[in-house]
Structure formats: structure tokens, C-alpha cells
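Structure record follows, encoded as C-alpha cells.
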Amino acid sequence: MAATRFVRFSFTGSPFEARESFYTDLPRDTSPSAPSASPPPEHLLPTPRAASPRAVARVRVDKLTPALFQERCVGTGTPVVITGLFEKDMSCWELANFWPLLDEEAPLQCRIHGGDRFALSPERWSGRSHARRVVTTSSRRYAETIASGVAQRDDLYVQSDIARTRAGKLLQPRLERLARATGLRLHQQYGPIVNMWWGGCGHTEPLHIDVTDGTLLQLCGQKHVVLYPPCCWKSLAPFPVDPGGMSWAFSRAAGQTDPPDLVRFPGLAEAWPLRQEVLLREGEVLFIPACCAHEIRGERSSLSSSGPQHVLSVNRFWRTSPYLVHPHLPEDALAAYEKCLAFYS
Ligand SMILES: O=C(O)CCC(=O)C(=O)O
1 MAATRFVRFS FTGSPFEARE SFYTDLPRDT SPSAPSASPP PEHLLPTPRA
51 ASPRAVARVR VDKLTPALFQ ERCVGTGTPV VITGLFEKDM SCWELANFWP
101 LLDEEAPLQC RIHGGDRFAL SPERWSGRSH ARRVVTTSSR RYAETIASGV
151 AQRDDLYVQS DIARTRAGKL LQPRLERLAR ATGLRLHQQY GPIVNMWWGG
201 CGHTEPLHID VTDGTLLQLC GQKHVVLYPP CCWKSLAPFP VDPGGMSWAF
251 SRAAGQTDPP DLVRFPGLAE AWPLRQEVLL REGEVLFIPA CCAHEIRGER
301 SSLSSSGPQH VLSVNRFWRT SPYLVHPHLP EDALAAYEKC LAFYS
């Protein structure tokens, strides 16, 4: 979800220069669990007419240094999957073990999208949401709707800051380690947020950007993620700035499949060949750079038993230089960002 609360940061110095993607000398994850099909680094360089989406590189957390990460990933707007942050046993994040780690009675806002692909139909959205409506629930009741299959049937989704819960406290040391390894710094307004994304299998968060760097930690189930380099955002049909309408951080070209609709979205002719795809597995972390558009579908994990399964992740938005955001926003969004959001970088 797009970050919406930021403070102003004034622009000084020279305009930001366009960034190029590269992976060349990131130390790659060569552990036995790393996917053996990863193409060699030179295949990951941008190939504007590539027929199939490019892969996202994987790197072990213990191979990272802040200088390397800042130069190769933050500075270039390059997503990467970070492995090795969690131990192998992820059972505490399974549905039955997880929901009691939240405050049982604390209200959670649950979005009801509807099982008719409403969340992927921007032409049907009205107002400021891609959900039909929002209801209040609790972790216990929501876990029941997942276990009964209702959450999947009606495409329900919960997003909430769980930093103060037992689950959030369990995750803080991992997030601190991630910060030490990457040099990512706490966002001045969000602070140590632990932003939970919780649903049944099959929900898709439609194509959008965040104006901060983000890290998505996959705790249960897996996520299929499509990403576009930050330079593509203007070609991806972003919503215009409209105080009563959908956020300008979302795209009208959500839910595209191959081949994309180039008649309605001619900008996709440029952007589509530059997209990347990754299946984010349990225990992995995806670094999503600011302005890197992403669409994320939750899926059942192939490792799990046949019982009810939920898809659970948390993300954190990090402090981000406006210089990394500025070149990628359309004019109207840039004015809105400067007015109220860049303050909070
Ligand atoms: O996992 C999701 O459903 C959305 C996550 C997201 O948009 C993000 O991490 O920025």
C-alpha cells in the first residue's frame, strides 16, 4: 500500500540523474536452497525486448554490507531478495500459532474486495479505495474466516501495524538485523513500523508504487511479485491527483496479463519488457525500492500441509531520499509529493 503520511523535505542541489539497473557484483546466494535456475548476472541486465520477465537476484543477508546495498540496490532502484534472515522453522507463523500472537480483541480493519476480481478492476473502483468496503474484526474472528475459506472466497485482506503486539516484538530483532546489513534507516514518521499484510490465498494487491524504500518479509505462504523499474512509473498509467479519487500511487493498468492491453495502455509497450517477477518464499525478504511499481499475489506455499493456509507478510517503509523519488513522478504527483509527503522522507 502506498505510504500516505510524510513530512516535507526541501529539494536542494542538482537534479537527480537517471539510474541504471545492475546486479553485476552483488554476492549471490549460493546456498543449496537457492533456486538453481537463476540466470547468471549478465542475463539480469536490462534487456528492453526480453520475451519473458527477468528474475530478481537473491543474496544472503550475511554477505551484505551497508555500502554495497546502498550502492547496488538503493542507489539504482534495484529490487533484490534477501535470504538467511530467518531460521528454517517458520511454524510460529502458521495460522493457528500466529493469530494468538496478536492482541485478540484489538480491532482490525478488514477490506472486503469481493471474489469477482474487484481488486484488479481499476475501472470499477470509486472513491479512494480498491476495496468495496471496510469492516472491523478481531484477530480471532478473522482467523476463523480464513480457516473456513470465506476470506479467500470474498477476497478479504487486513493491513495493520502490529509493532506493539507479541508478533511485532518477535520480528523487531530481525528488522534490526536487516537495518544493520543494509544501512536502511528508520523512517522519521513511521519509525519501527511492522506493517502486516494478512489474507487467505489468492488476494492480489494491485499495481502501485510507494514513495519510500520498503522491505517485505514473507512469513507464511508465498507471494508472486511483479516489479517494474522506477523509470517505468510514468508509462504505467498512474491515476491522476484527485483528492476524492484513487491515490496517485496506484495504476489504472492493474491486473495485466501477457500480452498486455497496449490499446488502453500504450505506455506498457515500453514498460512490459522491463518487468521482473519473483516468487517470494517463506523466510525471504524482498527489497522494493521507492517508485518501483509492484503487484503482489498471495499463494499457498508448496511446502505446507493440506490444511487451511493463510498468506502472511510484514513490511517496513524506510527513510528515503526525495532525490530517488523526484525523477519518477508525473508532474501532478510530484507537486502533491512535495506539498505534503516529502517532509517525511
Ligand atoms: O504484500 C502485499 O500484499 C502488499 C505489500 C506491499 O505493497 C509492499 O510491501 O509495499
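With the first letter of the sequence shown counted as 1, position 193 gets the number 193 in UniProt numbering; the numbers rise by one all the way through.
For every residue, glycine included, the Cβ atom is placed at its ideal position computed from N, Cα and C.
Going by C-alpha to C-alpha distance, which of the options sits closest to residue i?
{"i": "Gln-222", "options": "Cys-73, Val-81 and Lys-63", "result": "Val-81"}
{"i": "Cys-73", "options": "His-310, Ile-288, Leu-341 and Leu-334", "result": "Ile-288"}
{"i": "Leu-101", "options": "Pro-259, Gly-255 and Ala-167", "result": "Ala-167"}
{"i": "Gly-283", "options": "Leu-262, Glu-277 and Asn-315", "result": "Asn-315"}
{"i": "Met-90", "options": "Leu-312, His-130, Val-325 and Cys-201", "result": "Leu-312"}
{"i": "Gln-309", "options": "His-113, Lys-169 and Glu-94", "result": "Glu-94"}
{"i": "Asp-155", "options": "His-113, Ser-121, Gln-256 and Cys-232", "result": "His-113"}
{"i": "Ser-121", "options": "Leu-280, Arg-252, Val-61 and Lys-169", "result": "Arg-252"}
{"i": "Glu-205", "options": "Arg-117, Ser-126, Cys-291 and Pro-330", "result": "Arg-117"}
{"i": "Thr-76", "options": "Ala-336, Ala-290 and Ser-148", "result": "Ala-290"}
{"i": "Glu-295", "options": "Ala-151, Arg-275, Glu-338 and Val-226", "result": "Val-226"}
{"i": "Ser-126", "options": "Gly-245, Glu-277, Asn-97 and Ile-162", "result": "Gly-245"}
Please go through the same chain and pick out, in chain order, the residues whose beta-carbon is closer than 8 angstroms to the beta-carbon of residue i, but skip the five residues on each side of it.
{"i": "residue 389", "result": "Lying before the first or after the last residue shown, residue 389 is absent from the chain, which here runs from 1 to 345."}
{"i": "Phe-317", "result": "Ala-3, His-187, Tyr-190, Ile-193, Asn-195, Asp-210, Thr-212, Asp-213 and Gly-214"}
{"i": "Gln-159", "result": "Met-1, Gln-109, Arg-111, Asn-195, Met-196, Trp-197 and Trp-198"}
{"i": "Gln-70", "result": "Thr-182 and Gly-183"}
{"i": "Thr-136", "result": "Pro-107, Leu-108, Gln-109 and Cys-110"}
{"i": "Leu-236", "result": "Leu-207, Tyr-228, Ser-251, Ala-253, Phe-265, Gly-267, Leu-268, Ala-271 and Ala-293"}
I'd like the list of long-range same chain contacts for residue i, defined as Cβ closer than 6 angstroms, with 5 residues on each side in sequence excluded.
{"i": "Val-285", "result": "Ile-82, Leu-85, Thr-215 and Leu-217"}
{"i": "Ser-302", "result": "none"}
{"i": "Asp-258", "result": "none"}
{"i": "Val-134", "result": "Gln-109 and Arg-111"}
{"i": "Thr-320", "result": "Thr-212, Asp-213, Ala-290 and Ser-345"}
Reducing DSSP to helix, strand and coil, say where residue i ends up.
{"i": "Ile-162", "result": "coil"}
{"i": "Arg-177", "result": "helix"}
{"i": "His-318", "result": "With the sequence shown as reference, residue 318 is identified as Trp, and His is not the correct amino acid for it. DSSP places Trp-318 in strand when its eight states are reduced to three."}
{"i": "Gln-276", "result": "strand"}
{"i": "Cys-291", "result": "coil"}
{"i": "Leu-341", "result": "helix"}
{"i": "Ile-112", "result": "strand"}
{"i": "Phe-11", "result": "Because Phe-11 sits at a pLDDT of 24, beneath the cut-off of 50, its placement in the model cannot be relied upon, and the point is left open."}
{"i": "Ser-313", "result": "strand"}
{"i": "Thr-145", "result": "helix"}
{"i": "Leu-170", "result": "helix"}
For residue i, I'd like the list of residues in its chain whose CB is within less than 7 angstroms of its CB, leaving aside the five on either flank, ordered along the chain.
{"i": "Arg-124", "result": "Phe-118"}
{"i": "Gly-298", "result": "Gly-199, Cys-201, Gly-202, His-203, Gly-221, Lys-223 and Val-311"}
{"i": "Ala-143", "result": "Leu-95 and Trp-99"}
- Task: Count the C-beta pairs between the segment 51–58 and the segment 167–182 that are closer than 8 angstroms, then say yes if the count reaches three, no if not.
- Result: Because the criterion of three Cβ pairs below 8 angstroms is not met, the segment 51–58 and the segment 167–182 do not touch.
- Cβ contact check for the segment 255–267 and the segment 59–68: 3 or more pairs under 8 angstroms: Cβ pair count under 8 angstroms is below three, so no.
- Item | Unbroken stretches of the alpha helix (DSSP H), 4 residues or longer, contained in the segment 73–104 | Counting only runs of 4 or more residues that sit fully inside the segment 73–104, the alpha helix (DSSP H) segments are 95–98, in chain order.
- Item | Complete runs of the beta strand (DSSP E) confined to the segment 174–247 [at least 3 residues] | Entirely contained in the segment 174–247, the beta strand (DSSP E) runs reaching 3 residues are, in chain order, 195–199, 204–208, 213–220 and 222–227.
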